[in-house]
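A.B. asks: 7 is the number of the first residue of the sequence shown in the numbering used here; add one for each residue after it.
Note that CB positions come from ideal geometry on N, CA and C, so glycine has one too.
Just so you know, these numbers come straight off a predicted model, no measurement behind them.
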Amino acid sequence: MSPLPVSPPHDPYDPSRTSPAGRESEYRRLHHALDRCAAGAGSVIVLHGSVGSGRSDLLYAFTDTAAERGVQVLVGTGSPLEREFPLGLARQLLQGADLAPEEAATAEALLAEGAASGTVPAPSDRPAGRLTQRVLEGLFRLVRGLAERAPVLIAVDDRQDADPQSLEFLLYLVRRTRGTGVLTVLSSRETMTPAHPLFEVELARQPHHQHIRLDLLGTELVAEVLRTRLGAAAAERHAAEAHTLTGGNPLLVHSLVGDQERAGSPGTLVVGEGYRRGLMHCLHRIDPLALHYARGVAVLGTGATPELLAELLLLAPDALPRALYLLHAAGLFRDGGFRHPTAAGDLLAAMRPLELAALHQRAGRLLRAAGATAATVDGHARVAEGHLRSSLGPAPAAGAGDPGAVLPEFGGGGVWEVPGPESAVVADAVVADAVGEDVVAEDKAVEEEAGATGGFGPVPAHALQLWSGPAPTGPAVECVPTLPGTVTDADTALRHELKRLRHHFWHGRIDEGTAALARFEAVPGQAVHTEPLRHWLAYWYPALLPNPARRTGPHDGATADRGDGMRLLAALLAGTVSPEDAVVHAELVLRAGRLGGVRTESLTAALTVLLYADRADRATHWCAPLAERAGARCGAHWNALLAALRAEAALRQGDLRSADEAGRAAFAHVRPEAWGVAVGLPLATMAAARTALGLHQDAAHFLELPTPAGLEHTPAGLHHRYALAGHRLALGRAEQALADYRACGDTMARWGVDHLPAIAPWRLGAARAQLALGRPGSAAALADQQLARLGPVGHPRIRGLALRIRAAAGGPAERTELLERAVGLLEEAGAESELAAALGELSEAHQHDGDPGRARRADRRVRRTPALAVVPVRPQAPAPVSLLPVSPVSPLPVSALPVSALPVSALPASPLPVAGRPLPVATSVPAPEGTAGGLSEAEGRVAELAARGLSNRDIARKLYITVSTVEQHLTRVYRKLGVRRRVDLARLLGPVPSGAADGTPPRPAFPRRADLVAG
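#1: Would you call the stretch 338 to 350 and the stretch 300 to 316 touching, i.e. three or more CB-CB distances under 8 Å?
#2: Can you look up V207 in the DSSP assignment and give me helix, strand or coil?
#3: Apart from the five residues just before and just after A808, which ones in its own chain have a Cβ nearer than 7 Å to its Cβ?
#4: Going by Cα to Cα distance, which pick from V50, A67 and V57 is closest to Y33?
#5: Nearer than 6 Å: is that true of the beta carbon of Y178 relative to any heavy atom of the ligand ADP?
#6: Look at the alpha carbon of P1028 and the alpha carbon of A335, and state the distance between them as a whole number of angstroms.
#7: Over what stretch of residues does the beta strand (DSSP E) that includes L220 continue unbroken?
#8: Please go through the same chain and pick out, in chain order, the residues whose beta-carbon is closer than 6 Å to the beta-carbon of R624, but skip the five residues on each side of it.
#9: Could you say which of G806, A837 and R774 lies nearest to A815 if we only look at CA atoms?
#10: Based on Cα-Cα distance, which residue from D265, A787, W757 and L220 lies nearest to L579?
#11: Suppose you measure from the CA of H535 to the CA of R658; what does that come to, to the nearest Å?
#12: At which residue ranges does the stretch 53 to 82 contain complete beta strand (DSSP E) runs of 3 or more residues, listed in the order of the chain?
#13: What does the Cβ neighbour count give for Q139, buried or exposed, with the cut at 16 atoms within 10 Å?
#14: Hey, how far is the Cα of A684 from the Cα of T697?
#15: How many Å lie between A722 and G716 at the Cα?
#16: Name the one or two DSSP bridge partners that S194 has.
#17: To the nearest angstrom, report how far apart A764 and V979 are at their CA atoms.
#18: Look at the alpha carbon of A778 and the alpha carbon of A745, and state the distance between them as a whole number of angstroms.
#19: What is the DSSP secondary structure of L551, counted as helix, strand or coil?
#20: Using a Cβ distance threshold of 8 Å, determine whether the stretch 262 to 278 contacts the stretch 353 to 367, with at least three qualifying pairs required.
#21: Which value, in whole angstroms, describes the spacing of the CA atoms of S193 and A161?
#22: By DSSP's criteria, S49 is part of a beta bridge. Which residues make up the other side?
#23: Looking only at its own chain, which residues have a Cβ that is under 6 Å from the Cβ of R184, when we skip the five neighbours before and after it?
#24: What does a CB cutoff of less than 6 Å around F339 pick up in its chain, not counting 5 residues either side in sequence?
#25: Does the distance from the CB of G660 to the CB of S839 come in under 7 Å?
#26: Which first and last residues belong to the alpha helix (DSSP H) in which D746 is found?
#27: Pick from R866, E586, V676 and T379: whose alpha carbon is nearest that of N645?
#28: Identify every residue that forms a DSSP beta bridge with G343.
#29: Considering A161, what are the terminal residues of the beta strand (DSSP E) in which it resides?
#30: Among A674, A655 and F673, whose alpha-carbon lies nearest the alpha-carbon of A665?
#31: Closer than 6 Å by C-beta to A269: which residues in its own chain qualify, once you throw out the five before and the five after it? Chain order, please.
#32: For E527, which residues in the same chain have their Cβ closer than 7 Å to its Cβ, ignoring the five residues on either side in sequence?
#33: Looking only at C-alpha atoms, which of P782, W512 and S849 sits nearest to G3?
#34: Could you check which residue in A246, D104, S784 and D167 has the C-alpha nearest to that of V158?
#35: Take the Cβ of H38 as the centre, count every other Cβ of all protein chains shown within 10 Å, and call the residue buried at 16 or more, exposed below.
#36: Give me the Cα-Cα distance between W546 and L507, rounded to the nearest whole angstrom.
Put into structure tokens, the structure is as follows:
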């Protein structure tokens, strides 16, 4: 192999002179590899980048300079049109080689033999399409012979579109060229998934493999391009805006610069035909699914949720994040949408009219189901009608502006219905699609239904008879939904009918749903298909139909239902599986969900099982990873459901801050009117959390929000009533609260779920109400009754709460022992707030028993409890608010909401016990020094600011008093409250709420202890 010529002092291959703009470092790496190749050390380099990133420009600039240096350059380009030609890429490479006549003849014979082996069936011991050892070794010897005469550069562009046989040859080659003068450079475009994953893996395993990624150009590099072609003044004026419009995509940058050159120097940045063509070029060369996603955004706009886009495009939700990533990585998208306002229109203009009409028609249906404005829905209806009329000819008289107009029948096979307010049947079908079952991983049923047409069914042949002009040949339309009335797939029709049935119940239309279910099951052979629906109804309407889980014995229920969260929940409610076994099986479902392939409905049902089995600590453990996995893969409704689960789990553990944040997130994802009958669940959680914080007016607001009819027949209604009872008890309306708790108990008994007190522990709530009414005997009886029903094991949180009530209702002699048992159980359950309260009561009990040492130890444990990060605020004045049960209203217009089993507030009766607020006891324990009224108003202001961490000097400056006065106030505060440090003061008071002395805004999640401060 002859050496390369020595470079002159002024290297003509200087990257700054010969490389594409902004690619100097990548260009330099390629030339370093070429230098090593000339020294006999071969390597393989992968150039990887998004569409328009300049891979081809860099590759061909490098091959040109390599050829000038005397390197033998073999170039080939992959193409989707030639992917089925065996060894087509290899033929391109060898056609440019400097082969002797006999070598050329050998190459032709080997290529012909390899092409034949790639098209004929292979022997049974060899995969079809594989090349023989003779062909691979012969082609390798030819390349090695070339490398013995001079260094060889093999450059392949668009490798992702190469034929498999050529890739097999390249892989065979690079394994054997590490010690030869052969440099292989493979350029590939970023796609959703590798077309040849085995090739990718094997290539990366080679020790001489290098990877060069071409990132987008930064603002400075864009400015350099403008400076080179337009001058310094234009670069300074337009660089930032040009980067915003192009995202640093080199193809778009040069296209935009071309627009400026053609426009002259107008002073403003011109977005002309060059930029628009470049953008369309990138969009139509990107991965097909990313293009499909871009079309969906063009139709719906940037505000569309992932769930809505998935429904519109009939794609699995987990395909959307990758498509969105590709669009952003190529600089084509910014913040989820196009960078220039004309881009959406240009992209849609390139679509076929029927295809575009179908997208707008489906978008109108989905938006109407999601509660969009009539103007938005009508806009999509008019666009769909316009495209249909332009492609299929004029329609008969049906007001063009009528949003409910129906376009003409096509040969009696179906109608094109433009979405309008009266199209209730179609709207219900679309919403039913959304409230049906969803899959975290790809739903194979959707894939089968979508077929090869991008997710839409074909237009019937008779519809094409109205096409003006000759009938089209080949595939009719890529992306047109199946026309109403033309669905012939029995499985698809069955799926849609079941979703319609579920939709009736979701909106509280019980009579309609029951009648429709009876009609459906009356058809011979159809009843077998409603078993999943009946398991779903077993949770949402426990008294409506017999629970199918009760047909099996306990053993059968424990084994048969462990792989399906909804069936497991139905079995738990029916009592055919014990709570302990249900926890084990629920965690198996959740563990499988982390790996994918488990329906989101099954996962939320499994989380509900954990909560109903009194294992909120395990539910909290699973909520975070599942929410993280579902955040990008699932739509707004599923994320709202998971947020509601997190709120409920946090509330049961006394983490009021997290409960409030997650509850807000649930309603941020989905408006209250879009929750259906499930709205009672997050409302109950939020109301209970606000009640525990002492924010009674806020709690009343949540409890008074309108709810759909039929709520009282669902678990949502049960928990809504339970939260109302806790709120009334906190306001001092103990008799009303007691009646509500007993009503909850009657409901649970009627539904046959009273064996699961964690759903709504009404006996504990009633016991607290009895304590508030001064009836300790009745409270003790209720607590004993609850303990007896729990059995010997399980339910640590409920058992601990019952023991606390029993201690408060009993005499001083047994209180200490009961509280010690309660502390152990609550610690096991991870219920930090209740644990802190029980420790506070235990400290007082030890003090009453004359054991100050053990009292101090319990108090120290209280201080270390995380629940002290949030303590109750000063209770809002119980303003005259209406707390009567909310009258059922007509079903609200709701968004498409997937249905899953949700937990709800199963809280101890409010006020939620926290550290420093013990339960009322039948026999009083002496209160420690520093109770309400112990601090003056001035001392209270100083104490609040000190608890916030302000220094004495800062407090003096804010209150306009001397530092000495601050010190005197703090001395008295410490003595009265029995503390020695500011840390202890902060523990007792907490950060300052509304009305702080320094004028800071209200922060109800970090309230102060009102009962410690006078006034």
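C.D. replies: Taking the coordinates as given:
#1: yes
#2: Counting from 1 along the sequence shown, the entry for residue 207 is found at position 201. Residue state, collapsed to three classes: helix.
#3: Position 802 of the sequence shown holds residue 808. Excluding residues within five positions, the ones whose Cβ falls inside 7 Å are L770, A789, Q792 and L793.
#4: Residue mapping note: residue 33 aligns to position 27 of the sequence shown, counting from 1. When only C-alpha atoms are compared, the closest one is A67.
#5: The ligand content of the structure shown is nil, which means the ligand ADP is not present either.
#6: One cannot answer for residue 1028 here, as it falls past the ends of the chain, which runs 7 to 1021.
#7: Indexing the sequence shown from 1 puts residue 220 at position 214. That run of the beta strand (DSSP E) goes H215 to L220.
#8: Looking up residue 624 in the sequence shown gives position 618. Closer than 6 Å at Cβ, skipping near neighbours: L616.
#9: Indexing the sequence shown from 1 puts residue 815 at position 809. Closest by alpha carbon: R774.
#10: Start at 1 with the first residue of the sequence shown, and residue 579 comes out as number 573. It is W757.
#11: The residue given as residue 535 occupies position 529 in the sequence shown. The residue given as residue 658 occupies position 652 in the sequence shown. When rounded, the distance between both Cα atoms is 37 Å.
#12: none
#13: Taking the first residue of the sequence shown as 1, we reach residue 139 at position 133. Counting Cβ neighbours within 10 Å, Q139 comes out exposed, since fewer than 16 surround it.
#14: The residue labelled residue 684 in the question sits at position 678 within the sequence shown. The residue labelled residue 697 in the question sits at position 691 within the sequence shown. Those two C-alpha atoms are separated by around 21 Å.
#15: Position 716 of the sequence shown, counting from 1, holds the residue named residue 722. Position 710 of the sequence shown, counting from 1, holds the residue named residue 716. When rounded, the distance between both Cα atoms is 10 Å.
#16: Mapped onto the sequence shown, residue 194 falls at position 188. Per DSSP, H54.
#17: Position 758 of the sequence shown, counted from the first residue, corresponds to residue 764. Position 973 of the sequence shown, counted from the first residue, corresponds to residue 979. Cα to Cα, the separation comes out at about 41 Å.
#18: Against the sequence shown, residue 778 aligns to sequence position 772. Against the sequence shown, residue 745 aligns to sequence position 739. Their Cα atoms are separated by approximately 14 Å.
#19: Against the sequence shown, residue 551 aligns to sequence position 545. If DSSP states are grouped into helix, strand and coil, L551 belongs with coil.
#20: No, because fewer than three Cβ pairs between the stretch 262 to 278 and the stretch 353 to 367 fall closer than 8 Å, the two stretches do not touch.
#21: In the sequence shown, residue 193 corresponds to position 187, counting from 1. In the sequence shown, residue 161 corresponds to position 155, counting from 1. Their backbone Cα atoms lie some 8 Å apart in a straight line.
#22: One-based indexing of the sequence shown puts residue 49 at position 43. According to DSSP, S49 bridges with L189.
#23: For the purposes of this step, residue 184 is taken as residue 178 along the sequence shown, with counting starting at 1. Excluding residues within five positions, the ones whose Cβ falls inside 6 Å are G48 and H214.
#24: Locating residue 339 in the sequence shown gives position 333, where the first residue counts as 1. Once the five neighbours on either side are set aside, the close Cβ partners of F339 are L333.
#25: Sequence index remark: in the sequence shown, residue 660 carries index 654 (1-based). Sequence index remark: in the sequence shown, residue 839 carries index 833 (1-based). In this structure, S839 lies closer than 7 Å to G660 by Cβ.
#26: Taking the sequence shown and counting its residues from 1, one reaches residue 746 at position 740. Its alpha helix (DSSP H) spans residues A740 to W757.
#27: Position 639 of the sequence shown, counted from the start, is the residue given in the question as residue 645. The shortest Cα separation from N645 among R866, E586, V676 and T379 belongs to V676.
#28: Residue 343 sits at position 337 when you count from the first residue of the sequence shown. R340, per the DSSP bridge assignment.
#29: To locate residue 161, count along the sequence shown from 1; it is residue 155. First-last of the beta strand (DSSP E) with A161: V158 to D163.
#30: Translated into the one-based positions of the sequence shown, residue 665 becomes position 659. Closest option to A665, Cα to Cα, is A655.
#31: The residue labelled residue 269 in the question sits at position 263 within the sequence shown. Result list for A269: V276, in chain order.
#32: By 1-based counting over the sequence shown, the position of residue 527 is 521. A533 and T536.
#33: The chain is shown from 7 up to 1021; residue 3 falls before or after that span and cannot be answered.
#34: Locating residue 158 in the sequence shown gives position 152, counting from the first residue. Minimum Cα distance to V158 is reached at D104.
#35: Counted from its first residue, the sequence shown places residue 38 at position 32. By the neighbour-count rule (16 or more Cβ atoms within 10 Å), H38 is not buried but exposed.
#36: Along the sequence shown, read from residue 1 onward, the residue named residue 546 stands at position 540. Along the sequence shown, read from residue 1 onward, the residue named residue 507 stands at position 501. Each residue's alpha carbon lies about 14 Å from the other.
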